[in-house]
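Each remark here refers to the structure printed beneath this line.
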Amino acid sequence: GAVVSQHPSRVICKSGTSVKIECRSLDFQATTMFWYRQFPKQSLMLMATSNEGSKATYEQGVEKDKFLINHASLTLSTLTVTSAHPEDSSFYICSARVSGVWNIQYFGAGTRLSVL
Amino acid sequence: AQTVTQSQPEMSVQEAETVTLSCTYDTSENNYYLFWYKQPPSRQMILVIRQEAYKQQNATENRFSVNFQKAAKSFSLKISDSQLGDTAMYFCAFMIGYTGNQFYFGTGTSLTVIP
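So the sequence lines, in the order shown, correspond to chains A and B.
Start counting the first sequence at -5; every next residue gets the next number (our numbering).
Start counting the second sequence at 16; every next residue gets the next number (our numbering).
The following block contains the structure:
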């Protein structure tokens, strides 16, 4: 099956620093990628939809200036958590939709962010 | 609004037995897809099975099958011959067929297969 690589898998940072998480589709083009946040023992909550070459669409309640998304190519989307605080600690997961095939998505393995 | 409900937070099953996980959803759309995803301790989301709403025939994938009742908006997952590797969190998910293609996830069911 198709592979979505998410990096890093784990990051620990100090409060106030920024953290960048990468999501790459390794063997297919992904016009659209999605970023989710998952709290312990809870479901995945969609944060934003990332479209190649255009601005991301954020879900209600998600601060766009806090969670910067860039989708500069058909295989890469990045999520930057700016000025991270302990409440941003969470598990972040990306998924990538196969270009031209709207109903197939593949998930990355997730990134655990811990802000001290 | 689209909602997905999984009423069983935790379930357990003996190895080699059969277990059914429940899922109901609510939507006014006619064109949609339903999915079951598995999230093992590694946290990697793995597609288990999917169902097109316009198909009456229930989807099957080896030991996994669904009971799709469109009128009742019910989409349960049956796991036959349960294996230890089936231990995971299972999420039911819903996707509208023509919009932004985002998933709407249920709250999950934690399944433990007991040796």
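Each residue gets a CB set at the ideal place from its N, CA and C atoms; glycine is no exception.
When DSSP states are grouped into helix, strand and coil, A:ASP82 belongs to the helix group. For B:ASP101, the secondary structure class from DSSP, reduced to helix, strand or coil, is helix. Boundaries of the beta strand (DSSP E) harbouring A:SER44: 38 to 45, taken from the DSSP string. A Cβ-Cβ contact shorter than 9 Å links A:ALA90 with A:SER71.
DSSP, read as helix, strand or coil, puts A:LYS14 in strand. The C-beta of A:LEU40 comes closer than 9 Å to at least one C-beta of chain B. Residues of the region 75 to 92 of chain A with a Cβ closer than 8 Å to any Cβ of chain B, in chain order: PHE85, ILE87, SER89 and ARG91. Cβ atoms of B:THR124 and B:SER27 stay farther apart than 8 Å, at about 11 Å. The beta carbon of B:GLY121 sits closer than 9 Å to some beta carbon of chain A. For A:ALA103, a Cβ of chain B is located within less than 9 Å of the residue's own Cβ. When the Cα atoms are used, A:HIS79 and A:VAL109 turn out to be separated by approximately 6 Å.
A straight-line Cα-Cα distance of about 10 Å links A:SER77 and A:CYS7. Straight through space, the alpha carbons of A:VAL56 and A:MET41 are spaced by roughly 6 Å. Against A:PHE28, the close residues of chain B are GLN117, in the order they occur along the chain (beta-carbon pairs closer than 7 Å).
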